[in-house]
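Enquirer: Residue numbers (our numbering): 460 to 565. For glycine and all other residues, C-beta sits at the position ideal for the given N, C-alpha and C. Quick caveat, the model's predicted, so the values are computed rather than measured. Pasting a structure here, questions to come.
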């Protein structure tokens, strides 16, 4: 249905900001750099989520899909779809990640 929800309740039906106590900030607006420049001709609808620990998420909402950008610092023991943040892209292949963590989400 395209709604933005928090705790199963609709929030931000229009551009604005939502501040769940102690959990961060959610802002919905038309500002930000797109993940896919091919979408630049369309109106932007971006949800910016700021979480504790300097984690940022941007969800670009389109009529039939979304794009997502996650920005964060490396965490000890972090590994997964985007690699392990050790500065060596050679060990971030799909096979290398599967060898380290398997097929499921830990």
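Using DSSP bridges, identify the partner residues of residue 517.
Expert: 507, 528, per the DSSP bridge assignment.
Enquirer: I'd like the list of long-range same chain contacts for residue 501, defined as Cβ closer than 8 Å, with 5 residues on each side in sequence excluded.
Expert: The answer, listed in chain order, is 521.
Enquirer: Let me check understanding here. Comparing Cα to Cα, which of 529, 519, 479 lies closest to residue 497?
Expert: If we check each option's Cα against that of residue 497, 519 comes out closest.
Enquirer: Let me make sure I understand the geometry here. Which of 477, 532, 499 has the alpha-carbon closest to that of residue 508?
Expert: When only C-alpha atoms are compared, the closest one is 477.
Enquirer: Assuming residue 468 is part of the alpha helix (DSSP H), what are its boundary residues?
Expert: Residue 468 -> not in any alpha helix (DSSP H); beta strand (DSSP E) instead, spanning 468-470.
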